[in-house]
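Read top to bottom, the protein sequences are chains V and U.
Numbering follows the UniProt record's numbering, with no gaps: position 22 of the first sequence is 22.
Numbering follows the UniProt record's numbering, with no gaps: position 55 of the second sequence is 55.
Encoded as C-alpha cells, the structure appears first; notes follow it.
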Amino acid sequence: MSTLLDVEQLLDTLETGMRRLIEERGIESPLVIGIRTGGVWVADILGKRLGIEEPFGELDISFYRDDFSRIGLNPRVTPSSLPFDTEGRNIILVDDVIMSGRTIRAAMNEIFDYGRPARIILAALIDLGARELPIRPDVAGQSLELNAGQRVKLRGPDPLRIEFQEAGH
Amino acid sequence: MTENAASPNHLQLTRDGQLRHFLTLDGLGRELLTDILDTADSFIEVGERTIKKVPLLRGRTVVNLFFEASTRTRSTFELAAKRLSADVLNLDINTSATSKGESLSDTLLNLEAMASDMFVVRHAQSGAPHFIAESVTPGVAIINAGDGRHAHPTQAMLDMLTIRQHKGGFEGLKVAIVGDILHSRVARSQIRALNELGAGQIRVIAPGTLLPRDVESLGCTVEYDMGKGMKDLDVVIMLRLQKERMEGALLPSEREFYRLYGLSQEKLALAHPQCIVMHPGPINRGVEIESAVADGPQSVILNQVTNGIAIRMAVMAMAMGGQVAERQQKMNELNERGQA
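See below:
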C-alpha cells in the first residue's frame, strides 16, 4: 500500500495551494514553522519551494500536550527553536499529518508564548479527518480516510516516504 | 538484579522505569540522568522566551516544605514550579529538636488534606524525604531538596548540566571537589553523578578533618595538597565552608583554610587554562574563593543558578508525569479486571 501516495505529488499540491493562498490573502513575508518530527521535514521543503529566505522554526510541543495527565512527559523532548521574532509576523504552521487537531492546538499555544503573531495559516501534508477540535488546515496535500485500525506515518527525512500500518503493528 | 527494601528505586521509579519521586541519585542509571539533562535543556529554551511558562503542571499544587533555611534553593524551586504553571505554597518550618518525628507526620497529614500533588522537602535529617515518600498518599511526588549529609540530587544535576554545557560531555574530564566534603550532601551527590555519567577522574581535595572515612569508596581519589590536586583540572567545584565548622575545632582558622584550600588566581593557574570554576553558593569571598576568581572569566557560578531552575523544572515535570502515568495505568488495569 505504500505506493498509494507519492510524496512529491503531495508536496506539489501543498506548494500550489499555499502559493494561491498567499496571493489571495496578500500575506507578506511569511515565516515557516514545522512541528517535530515530520512537520519539520515538510516545513524545510515547503519553505525552500516558496522561496522563503529566513530559516524555518522547529516546535517540540511536548510541554503543551493535553494528555500529560494520562501519559506523563515525553522523555525525548528536544528544545523548540524559533530563530526569529514572531511578533506581528505571518506564520505558516506545518505538520505532516493532521487528525484530531490536538497537536495543532498545542502548537498554537506554544507559538503564542513567543509573542503575538499577525496570523497563522495551517498546512498539512495529509489530512485524515477524524477531528476532535474545531481546527482545519488551510491547505492540505491530500485528504484521506483510513480504515479502522489503519495508521499512516511520514518517514524521512531523506527520502521522504509515507508508510501505512495495520492495527497491531 | 532484584529490588530490595534497601534500594531506593522501588520508591523512586515506576514499574517501567519512569521517575515518580526524586530522592537520591543512588541507583539511577546513566540513561535516566541523561534524560533529566536533556529535558532540562528544553526548559532552558523556555526560560529564554517572552512568556517563560508552560502548562504542564497547571492546576496542580506544589508545596515547598523547608525544615531547614534556604534562599536560593527554595526560590529556584518556587520559580521552577511557577514556570510549570503549578500553584505553589511555601512553608518554612523551624523544627524543634524534641518533636521532629511526630511533627513531620502531622504536618504531612495536614498538607495532604489540602490535596497537594508534590512536596519539595528540605530537612536537616538524612532520609527525611525518603521517609515521607514511603508514607505519602499514592500519586503525590516527593522531591529531595537536600537532606542532612545524605543527598542534594537537584544541585548535583544542575552542576552536571553546567559541566555538559561548557565541556560538551563527561568522558575523560578531570573534576575536583574542594573543601568541606565531610558535611556536604552536595559532594556526595556530585561524586555519584560524575561516576555514573562517566567522568574520567574525580578528585576530592580537603584536609583530613573534613573528609568522611572511606571517602574513596564513593568513587574518587583523595588529594590533601591543593597545588597537586589542581593539576590539569577541567572543572573545579568549590564547596561552601560553613562557619559553624570552625567552632568544632575541625579547622585552625579561616585564614589558614584559605591559604591551603581557598581558590586563588595563583592556584587556578595550575589547572587547565579552560578549567571552569563552580560553586553551589552562597559563596564566602575570601574564605573558600577569591573574589577575582568568583567574578572571573572561568567562573560559571551564575550559570549554575540559571540551570538550577531548568533542572528543577525537569525533575518536577518528570516525577509528576511518572505519578500520573502510573495512576492511569492502575485505573486501566482495574477497568480491565472489571470487564473480565
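Ideal Cβ placement from N, Cα and C applies to all residues, glycine included.
- Nearest C-alpha to residue 149 of chain U among U:189, U:65 and U:110: U:189.
- Residue 152 of chain V is a Cβ neighbour of residue 144 of chain V, given a cutoff of 9 Å.
- Of the residues assessed, residue 133 of chain V falls on the exposed side of the cut-off, its CB having fewer than 16 other CB atoms within 10 angstroms.
- Contacts with chain V at 9 Å (Cβ-Cβ) do not include residue 223 of chain U.
- As the crow flies, the alpha-carbon of residue 140 of chain V is around 24 Å from that of residue 66 of chain V.
- With contacts defined by Cβ atoms closer than 9 Å, residue 30 of chain V and residue 89 of chain V form a contacting pair.
- Judged by their CB atoms, residue 199 of chain U and residue 178 of chain U are not nearer to each other than the 9 Å cut-off.
- Sequence-ordered contacts of the segment 226 to 241 of chain U with chain V are nonexistent [C-beta pairs closer than 7 Å].
- With a cutoff of 9 Å on beta-carbon distance, residue 143 of chain U and residue 160 of chain U are scored as not near each other.
- DSSP places residue 298 of chain U outside any beta strand (DSSP E), giving it a letter other than H or E.
- Sixteen is the threshold: when 16 or more other Cβ atoms of the shown chains lie within 10 Å of the Cβ of residue 326 of chain U, as they do, the residue is buried.
- Its Cα nearest to that of residue 109 of chain U, the residue U:65 stands out among U:65, U:71 and U:226.
- With at least 16 other beta carbons inside 10 angstroms of its own, residue 310 of chain U counts as buried.
- Residue contact check for residue 63 of chain V against chain U: a CB pair falls below 9 Å.
- Neighbours of residue 77 of chain V in chain U, taken as residues whose beta carbon is under 8 Å from its own, are 38, 39 and 42 in chain order.
- The segment 23 to 32 of chain U and the segment 278 to 288 of chain U do not touch, with fewer than three beta-carbon pairs separated by less than 8 Å.
- For residue 93 of chain V, no chain U residue has a C-beta closer than 8 Å to its own C-beta; the minimum C-beta separation is roughly 17 Å.
- Interface annotation, residue 71 of chain V: in contact with chain U, CB-CB separation under 9 Å.
- Look at residue 118 of chain U here: in three-state DSSP terms it is strand.
- Distance from the CA of residue 119 of chain V to the CA of residue 139 of chain U, rounded to the nearest whole angstrom, comes to 41 Å.
- C-alpha of residue 330 of chain U to C-alpha of residue 34 of chain U: approximately 28 Å in a straight line.
- Exposed is the label assigned to residue 16 of chain U, since fewer than 16 other Cβ atoms lie within 10 Å of its Cβ.
- The C-alpha of residue 129 of chain V is placed about 27 Å away from the C-alpha of residue 48 of chain V.
- Residues 276 and 300 of the same chain have their beta carbon placed closer than 7 Å to that of residue 166 of chain U, with the five preceding and five following residues left out of the count.
- Listed along chain U, the residues sitting closer than 7 Å to residue 80 of chain V by beta-carbon distance are 45.
- Close to residue 120 of chain U, with beta-carbon spacing below 8 Å, lies no residue of chain V; the smallest spacing is near 18 Å.
- Shown here for residue 135 of chain U: same chain residues with a beta carbon closer than 8 Å to its own, the five before and five after excluded, namely 105 and 108 in chain order.
- In the DSSP annotation of this structure, residue 100 of chain V is not part of any beta strand (DSSP E), being labelled neither H nor E.
- Between the segment 37 to 57 of chain V and the segment 86 to 104 of chain V there are three or more C-beta pairs closer than 8 Å, enough to call the two in contact.
- The CB of residue 51 of chain U comes closer than 7 Å to the CB of 113 in chain V, given here in chain order.
- In terms of CA proximity to residue 84 of chain U, V:63 leads the group V:70, V:63 and V:10.
- Against chain U, the CB of residue 56 of chain V has no partner CB under 9 Å away; the residue lies outside that interface.
- In the structure shown, residue 230 of chain U adopts coil according to DSSP, grouped into three states.
- For secondary structure counted as the alpha helix (DSSP H) over 4 or more consecutive residues, the segment 172 to 259 of chain U holds these complete runs in sequence order: 185 to 197, 226 to 229 and 244 to 247.
- Interface with chain U (9 Å Cβ-Cβ cutoff): residue 84 of chain V is excluded.
- DSSP places residue 83 of chain U inside the alpha helix (DSSP H), whose first and last residues are 72 to 83.
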